[in-house]
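Quick mapping for you: the protein sequence lines, in order, are chains A, B and C.
Per my numbering, the first sequence starts with residue 28, numbered consecutively.
Per my numbering, the second sequence starts with residue 16, numbered consecutively.
Per my numbering, the third sequence starts with residue -2, numbered consecutively.
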Amino acid sequence: MSIELSIINSVTIRDSKVYKNGQLIFKSEPDLVISKFLKGIYRDQNLKYPKFFKMDSLSKFGYLGVEILTNANIQDKETALIFANSASSLETDEAYARTMAEFPSPSLFVYTLPNIMLGEISIRHQLRSENIFLVSEAFDPALFIDYSRGLFQQEKADKVLCGWVNLHNNEYDVFLWEIARSGGIDFNEEELKKLYLPTHE
Amino acid sequence: MSDLHTELKKSIIEQLNLEDMEVSEIENDEHLFGDGLGLDSIDALELIVLLEKDYGIKLTDPNQGKEIFNSINTMADFIEKNRVR
Amino acid sequence: MSRNYLLSDSIISPLGFGTLENLKAIQNFDSALKHHNNSKFFKNGYYAGLIDIERINDEFSKHADPVKYTKLEKLLILSIKQVFDQSNSVDLNATGLIISTTKGNIDLLGTGEFSSDRIYLWKMAKIVAEFFGLKHKPIIVSNACISGALAIKTANDLIEARRFSNAIVAGGDLVSEFVLSGFQSFQAISPKPCRPFSNDREGVSLGEAAAAVLIGPDFSKDQGKIQYIDAVTANDANHISGPSRTGEGLFKSINRLFERNNIESSQIDYLSAHGTATNYNDAMEAIAFDRAGLNNTPVNSLKGYYGHTLGTSALIESIITKHSLLKDKLYASLNFTASGVSKDLNIIQDHENRELSLALKTASGFGGCNLAMLLKKERI
């Protein structure tokens, strides 16, 4: 009953660097504040999307990752989104909680759910497709594999974008990849782990 | 242009994260929502917070906001009449 | 492919500790929504469904030391315990745990109570899993207000993927200052108990609750059981907090679900809606239901009984839907006065006995997410 699936592209954002399919495509000075690093990627990619500046940092990572992964163009509007992380929206939760002492900020509160990122990506690419946001202690390749296989097997999607987008205490770890029925590396736990934790240098 | 108009434009750009905008790009009579500046419902809520925080004005009826937040001019008028700080 | 069912279940809410107590309260038109004065964000108080901490601790101390667990952990554990107690021979090595929550232990933020990692959803889930000695790492679905039903879908899909042979889906969220102040900053909290779909609705009332259900194959010869048929999600791709004016995502999820399963709207005996009682949400749902041809289908929102229980809401509503089907009973949509939406809906105005077979559960949430799920009674 198992079907063959392929990883066709991947993006990693880690340690002030952005990689696409293993190639370094952007690098900023280390220890830059996250908002500046994110803006640097946005400018470098020549993106024109004013909504970007309204997003919280977690959504910015997700948005930028998808733009780079798909060359800012998702053809198949049924492309499903399966995203996960470890810290949920805690970075923004804490920022919102700081406003609670005086004037609770509605524009921060709205980002205190991790799946808002999926909404942002769906709006940007006009995807009215399957979405899910999962939380696990650490990157769990098998969970992505099991859930996306279900979507393919039940014919709910022909393409899936997966994302591990984690941010907390100014530390971030972003890994996105695209799955299709054919045309790339085998979609299995081993390959996924290799892509997630390669030896770049 | 009054100081209040400029002050409002500055705080709107800052509070609503209109990163790519300059004070000079916002016209006093330009619609803030819809076709104009393109603000949305969350921005409207954030403007309500701004009125309270910076001018001590508490809007109790959210529907009031529609007229007040029509443009920089209407906002400035409302603030002049109602500000407590 | 073997089918999965909604097996033993539990609801822990202000209406009762256990599904039976909850059904009795609903039968009596009781509401969890009471006036409270314990929030600094509401000078004149607010309506919400809160669970008495003393009752939680009383019940919990029968199983473990209440001091060692957070309020939400205790609720989740109590709820799952009830499911275990009703299920013979659940294999701890083959049973998954799927937790549905939006904010978890958010009430701990900045308090210094408990270790700081307790704020992570995975940590909370881990503590619950370890309490029962479940072998599989717990999975957390955190997808705003559709989480509860999406967790049931996830359980079904992961059982099909043979990750485990059955799964407990448990949902929980609290009414915290965090969430109260946030909804208040959205000007979304109703000054009175919420009135879904009514012309005098003024916003949401929040509620807290935990619930759990065992999902898996059923080889028993029991008469009448509730089968999970299928579920579809669809994003509005419109706005991150405001629902689509055209009900696009919700309509799409229902429409796809019907097409995939060769179902006509006329076959749906009961529709369990989301119905938060905000102006825009209820209007959006009515438009989507109208587009899907569900105008005559008996429909209710349970928010008048529970308030909006966030990550638990769609799970509670699925469990009540299960019992509605089993009992052939439609429950009234509490606090409904007169229609306040632009399309005709067949709102259930009084409890009614009626033969039921196929139910549609829907939910929508922030981030533009929508879900539609089919549950069916199987007669032997």
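For glycine and all other residues, C-beta sits at the position ideal for the given N, C-alpha and C.
- C:GLY15 is the residue among C:ASP88, C:GLY15, C:ARG0 whose C-alpha sits nearest the C-alpha of ILE53 (chain C).
- Around the beta carbon of ALA165 (chain A), a 10 Å sphere encloses fewer than 16 other beta carbons of the protein chains shown; the residue is thus reported as exposed.
- Look at SER250 (chain C) here: in three-state DSSP terms it is helix.
- Neighbours of VAL138 (chain C) across chain A, judged by C-beta separation under 9 Å: ILE159, PHE160, LEU161, VAL162.
- Taking a Cβ-Cβ threshold of 9 Å, none of the residues of chain B is close to LYS63 (chain A); the smallest such distance is about 12 Å.
- Across the region 42 to 73 of chain B, CB contacts with chain C closer than 8 Å involve ASP55, SER56, ILE57, LEU60, ILE63, VAL64, in sequence order along the chain.
- By the criterion of at least three beta-carbon pairs nearer than 8 Å, the region 233 to 250 of chain C is in contact with the region 281 to 296 of chain C.
- As DSSP reads the structure, MET370 (chain C) sits in a beta bridge with C:ALA228, C:LYS358.
- When secondary structure is reduced to three states using DSSP, GLY42 (chain C) falls in the coil class, being assigned neither helix nor strand.
- Counting only runs that start and end inside the region 70 to 98 of chain C, the beta strand (DSSP E) elements of at least 3 residues fall at 92 to 97.
- SER330 (chain C) has its alpha-carbon roughly 15 Å from the corresponding atom of ASP266 (chain C).
- Around the CB of PHE216 (chain C), fewer than 16 other CB atoms lie within 10 Å, so the residue is classed as exposed.
- With a cutoff of 7 Å on beta-carbon distance, HIS195 (chain A) and ALA111 (chain A) are scored as not near each other.
- Under the Cβ criterion of 7 Å, CYS191 (chain C) is not counted among the residues facing chain A.
- One Cα belongs to SER132 (chain A), the other to LYS68 (chain B), and the distance between them is close to 11 Å.
- Under the 7 Å criterion on CB atoms, THR230 (chain C) is classed as interfacial with respect to chain A.
- Look at the region -2 to 39 of chain C and you find these whole runs of beta strand (DSSP E), each 3 residues long or longer: 1 to 10, 31 to 33.
- Within the same chain, Cβ atoms closer than 6 Å to the Cβ of ASN163 (chain C) are found at THR92, GLY213, the five residues on either side in sequence being excluded.
- In the DSSP assignment, ASN193 (chain A) falls within the beta strand (DSSP E) that extends over 186 to 195.
- ILE103 (chain C) and LEU171 (chain C) have their alpha carbons spaced roughly 8 Å apart.
- Listed as beta-bridge partners of TRP119 (chain C) by DSSP are no residues whatsoever.
- About 23 Å separates the beta carbon of ILE156 (chain C) from that of ASN259 (chain C), a gap too long to meet the 8 Å contact definition.
- Interface with chain B (7 Å Cβ-Cβ cutoff): VAL137 (chain A) is included.
- For the pair LEU371 (chain C) and ILE223 (chain C), the CB atoms are not nearer than the 7 Å cut-off.
- For LEU33 (chain B), the C-beta contacts it makes with chain A under 9 Å involve PRO77, PHE80, LYS81, in order along the chain.
- For the beta strand (DSSP E) assignment, the uninterrupted runs of no fewer than 3 residues enclosed by the region 105 to 181 of chain A are, from N- to C-terminal side, 107 to 112, 158 to 162.
- For GLY179 (chain C), the closest C-alpha among the options A:THR39, A:ILE95, A:TYR123, A:GLN102 is that of A:TYR123.
- Taking 7 Å as the CB threshold, LYS249 (chain C) lines the interface with chain A.
- Approximately 5 Å separates the beta-carbon atoms of GLU105 (chain A) and SER156 (chain A); this is inside 8 Å, confirming the contact.
- Contacts between GLY177 (chain A) and chain C, judged by CB atoms closer than 8 Å, involve ASP154, LEU155, GLU157, ALA158 in chain order.
- Secondary structure at SER58 (chain C): coil, using DSSP grouped into helix, strand and coil.
- Within the region 168 to 200 of chain C, the residues whose Cβ lies closer than 7 Å to some Cβ of chain B are SER182, PHE183, GLN184, listed in chain order.
- At least one CB atom of chain A sits nearer than 7 Å to the CB of CYS366 (chain C).
- With fewer than 16 other beta carbons inside 10 angstroms of its own, ASP82 (chain C) counts as exposed.
- Between PRO11 (chain C) and GLY42 (chain C), the gap from beta carbon to beta carbon reaches 7 Å or more.
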